Amino acid sequence: MAAADRGTDPRPVIAALRDGQGLDAKGAELIASGLADGGLSDAQAGAFAMAVLTRGLSVAGRTALTRAMRDSGDVMRWDLPGPVVDKHSTGGVGDVVSLVLAPLLAACGVFVPMISGRGLGHTGGTLDKLEAIPGYRCDLSEAEFRKVVGNVGCAIVSASADLAPADRRLYAIRDEAACVESIDLITASILSKKLAAGLDALVLDVKSGSGAFLGGADQAESLAQSLVSTANAAGCRSSALITDMDQPLARAAGNAVEVHAAIACLRGGSSALRDLVLALAAEALRLAGQDDTSQRTTRALDDGTAAEIFGRMVAAQGGPAGLLDAPDSYLQSAPVIRPIPAPEGFVSRIDTTALGQAVIGLGGGRLRAGQGIDHRVGFSDLRRIGEPTEGQLGLVHAASDEAAEGAIASVQAAYALSDAASPAGSLIRAHVAPEAAAAQIDHRR
Ligand code: URA
Numbered sequence: 541m542a543a544a545d546r547g548t549d550p551r552p553v554i555a556a557l558r559d560g561q562g563l564d565a566k567g568a569e570l571i572a573s574g575l576a577d578g579g580l581s582d583a584q585a586g587a588f589a590m591a592v593l594t595r596g597l598s599v600a601g602r603t604a605l606t607r608a609m610r611d612s613g614d615v616m617r618w619d620l621p622g623p624v625v626d627k628h629s630t631g632g633v634g635d636v637v638s639l640v641l642a643p644l645l646a647a648c649g650v651f652v653p654m655i656s657g658r659g660l661g662h663t664g665g666t667l668d669k670l671e672a673i674p675g676y677r678c679d680l681s682e683a684e685f686r687k688v689v690g691n692v693g694c695a696i697v698s699a700s701a702d703l704a705p706a707d708r709r710l711y712a713i714r715d716e717a718a719c720v721e722s723i724d725l726i727t728a729s730i731l732s733k734k735l736a737a738g739l740d741a742l743v744l745d746v747k748s749g750s751g752a753f754l755g756g757a758d759q760a761e762s763l764a765q766s767l768v769s770t771a772n773a774a775g776c777r778s779s780a781l782i783t784d785m786d787q788p789l790a791r792a793a794g795n796a797v798e799v800h801a802a803i804a805c806l807r808g809g810s811s812a813l814r815d816l817v818l819a820l821a822a823e824a825l826r827l828a829g830q831d832d833t834s835q836r837t838t839r840a841l842d843d844g845t846a847a848e849i850f851g852r853m854v855a856a857q858g859g860p861a862g863l864l865d866a867p868d869s870y871l872q873s874a875p876v877i878r879p880i881p882a883p884e885g886f887v888s889r890i891d892t893t894a895l896g897q898a899v900i901g902l903g904g905g906r907l908r909a910g911q912g913i914d915h916r917v918g919f920s921d922l923r924r925i926g927e928p929t930e931g932q933l934g935l936v937h938a939a940s941d942e943a944a945e946g947a948i949a950s951v952q953a954a955y956a957l958s959d960a961a962s963p964a965g966s967l968i969r970a971h972v973a974p975e976a977a978a979a980q981i982d983h984r985r
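Take this note's numbering: the final residue in the sequence shown is number 985, and no numbers are missing along the way.
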């Protein structure tokens, strides 16, 4: 049946996909509007998701779906004296990049309206970390969000119900219909929300390794290619870095402990977190059309400008004005803090997913959406691959001795040691540029 004859019946769209005929813009609009307004039944949404998973979409089909899902709710427009830029990470453990990167980019003259999420599975969530700061509000109204971005240069908030509502419904149905793994659907899901924020440029941090959402190097490469080609085709300049998630990025995993790590990074000193923040900042600024960025980003981090903007953002979103000067006075600490004992040796491998699950076990993450979390708990001072243990793997921060015991056993099981130092993999494993992704693989089967 020709697209013009479809009317409002989604079945021909689903049947065409099922039969390998792809998805056009009209079909994508019918699916996305039906997801948002209830015109598509759960059975039809599940069949659609399964047809995409089994048949795959072309770049054009994926772009059509992304655009239609973006347009299923509000799409923000900005009128600011600089480019509007953001970052998306596919999620990891100890990945507290957003708290440092958003103010750093703002310090370099771009605007960052960052719409973030909560912890998902074993991976931590930016909003959960920020809510470890007393008073910090993620649920700003649109007017408040615009005001903070305009005045401070960046804001980090939760998505409103009006943002890409088609994705919210499809995401839940994908979970029930065993269709979470589709790279086409993951791409449309991530980008529909990000593009609804009205971005000029988006840098993507696609994680690869034992703590990544899609662990294998091939999968990370496919996802990065898919995200970059689709974002650019949908009108948002984008590129990706594929980065190491074979170990936590920061030396901390949890919520308050990661805010401490972010503040330490904003205060200076070398770390893997700093290296990745600087690489992503340079990439984002290049996408936004700025040249010679690496000196500017380093200076803005080292001279305290980014730290000052972080402090202003926290205060503008309801947090304490003095957080940066006295984090210990504001961030609650756990009642039990103990070393995680280990034999002498060198760290050779970390099951990073298991480490993330150990944070959940301590109460620092959730097993079900909507569950409360304990912001005080987690791990700090974690040893990295290639480092000597010197008798311990790090510190556990727990609500009780019993919880600490369980977490210590989990971390000990997650770490593998060797007698000699083995080299860690590189932090940045690949760069996926728009031009390379334009000629990328087609997921259509
Ligand atoms: N994050 C999203 O927003 N959507 C997905 O499908 C996977 C990760």
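We put the beta carbon where it would ideally sit given N, CA and C, even for glycine. Just so it is clear, the structure is predicted and the values come from calculations on it, not from any experiment.
Whole-number beta carbon distance between residue j and residue i, since they are thought to touch under 8 Å
i	j	result
L529	A949	Absent from the model: residue 529. The displayed extent of the chain is 541 to 985, so no value can be given.
G560	R595	6 Å
T929	A882	4 Å
L907	A943	Going by Cβ atoms, the distance from L907 to A943 rounds to 15 Å, so no, they are not a contact pair.
A821	T837	4 Å
D891	A947	Actually they do not touch by this definition, with Cβ atoms about 14 Å apart.
V625	A866	With 8 Å as the limit, V625 and A866 do not qualify as a contact, their Cβ atoms being about 31 Å apart.
G675	G859	5 Å
L639	A802	4 Å
Y870	I673	7 Å
Delimiting residues of the alpha helix (DSSP H) encompassing residue i
i	result
L789	L789 -> no alpha helix (DSSP H), and no H or E assigned at all.
R677	Element bounds for R677: n/a, residue is neither H nor E.
S732	I723 to L735
C805	A796 to L806
G918	No alpha helix (DSSP H) holds G918; the beta strand (DSSP E) holding it covers G918 to S920.
F886	Segment F886 to I890 is the beta strand (DSSP E) holding F886; no alpha helix (DSSP H) there.
L645	V637 to A647
R610	V599 to R610
A840	T833 to D842
I968	Segment I968 to V972 is the beta strand (DSSP E) holding I968; no alpha helix (DSSP H) there.
Local Cβ density within 10 Å of residue i, reported as buried at 16 or more and exposed below that
i	result
E716	exposed
Q765	buried
R551	exposed
R969	buried
Q911	exposed
R577	According to the sequence provided, residue 577 is Asp. The question's Arg does not apply to it. Looking at its Cβ environment, which holds fewer than 16 other Cβ atoms inside 10 Å, D577 is exposed.
Q787	buried
D668	buried
H971	exposed
S958	exposed
A995	This structure cannot settle anything about residue 995, because the visible part of the chain is limited to 541 through 985.
P963	exposed
T603	buried
P879	exposed
V553	buried
A556	buried
Limits of the unbroken beta strand (DSSP E) element including residue i
i	result
F588	No beta strand (DSSP E) holds F588; the alpha helix (DSSP H) holding it covers D582 to R595.
M654	V652 to S656
P879	V876 to P881
Q932	Q932 to A938
T783	R777 to D784
L557	Per DSSP, L557 belongs to no beta strand (DSSP E); it is in the alpha helix (DSSP H), R551 to R558.
I696	C694 to S698
A943	Note, A943: premise wrong, no beta strand (DSSP E); alpha helix (DSSP H) at D941 to A954.
S629	V625 to S629
S748	A741 to S748
Residues near residue i by beta carbon distance below 7 Å, same chain, minus five either side
i	result
L967	T783, D784, A812, D815 and L816
D707	M609, S729, S732 and K733
R714	A589, V720 and L725
Same chain only: Cβ atoms within 6 Å of residue i, ignoring 5 sequence neighbours per side
i	result
L531	The structure shown does not extend to residue 531, since the chain is modelled only from 541 to 985, so the question has no answer here.
H662	T893, G896 and Q897
R558	A591
S698	L667, C678 and D679
G657	G665
E975	none
S700	none
L933	I880, A882, R923, V951 and Y955
Own chain, CB closer than 8 Å to residue i, minus 5 neighbours either side, in chain order
i	result
S873	A796, R916 and H937
L660	G631 and F753
F886	G926, E927, P928, T929, L957, S958, D959, A960, A961 and S962
P876	Residue 876 is actually Val in this sequence, not Pro. Within the same chain, V876 has close Cβ partners V936, H937, A938, A939, S940, D941, A943 and A944.
Y711	S729
* To do: Check whether the stretch 787 to 801 touches the stretch 630 to 638, counting contact only when three or more Cβ pairs, one atom from each stretch, lie closer than 8 Å.
  => yes
* To do: Could you tell me whether the stretch 641 to 659 touches the stretch 613 to 627, where touching means 3 or more Cβ pairs closer than 8 Å?
  => yes
* To do: Check whether the stretch 757 to 777 touches the stretch 838 to 846, counting contact only when three or more Cβ pairs, one atom from each stretch, lie closer than 8 Å.
  => no
* Asked: Can you find at least 3 beta carbon pairs, one from the stretch 915 to 931 and one from the stretch 796 to 807, that sit closer than 8 Å?
  -> yes
* To do: Evaluate contact between the stretch 852 to 868 and the stretch 684 to 702, counting only Cβ atoms and requiring at least three cross-stretch pairs below 8 Å.
  => yes
* Does the stretch 728 to 746 come close enough to the stretch 603 to 614 to have 3 or more Cβ pairs within less than 8 Å? -> yes
* To do: Check whether the stretch 770 to 782 touches the stretch 734 to 746, taking contact to mean three or more Cβ pairs, one atom from each stretch, closer than 8 Å.
  => yes
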